[in-house]
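Residue numbers (numbering that gives the first Met the number 0): 0 to 79. Heads up, the thing below is written out as structure tokens.
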Amino acid sequence: MDKVYFISLKLGLEGNYVKVQAPSEEAVAAHAKKYYGSLWQSIYTEAYFYERIRRRYANTTRVLNNRNPVVLNDEGERMA
């Protein structure tokens, strides 16, 4: 079963996150490297994101695609 991850962005996009549904963190990292290049910073699990980041920085945290997560396969490619 796929898990939910959040990719944090940087370079003027701090506080913005992309929601991703994927089988592994490795798939998310492959996707981030390929499609976000130097704009991505870290990958967080759903639990860590809500317990640590969202709770602490609720007013400055924005998930760009909260209702429509990017769905990835094992290789980090988007699924239709």
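Note that beta-carbon positions come from the ideal geometry of N, C-alpha and C, so glycine has one too. The structure presented is a predicted model; accordingly, all values stated were derived computationally and were not measured.
query: 3 or more residues per run - each beta strand (DSSP E) lying fully within the stretch 22–77; result: 39–44
query: Among Leu10, Leu12, Glu13, His30, the one whose alpha carbon lies nearest that of tyrosine 89; result: Lying before the first or after the last residue shown, residue 89 is absent from the chain, which here runs from 0 to 79.
query: As assigned by DSSP and simplified to three states, the class of leucine 8; result: strand
query: Serine 56 versus Leu10, Asp1, Gly14, Met0, residue with shortest Cα-Cα distance; result: Note that residue 56 corresponds to tyrosine in the displayed sequence, not to serine. Nearest option by C-alpha distance: Gly14.
query: Proximity below 8 Å, CB of glutamine 40 to CB of lysine 9; result: yes
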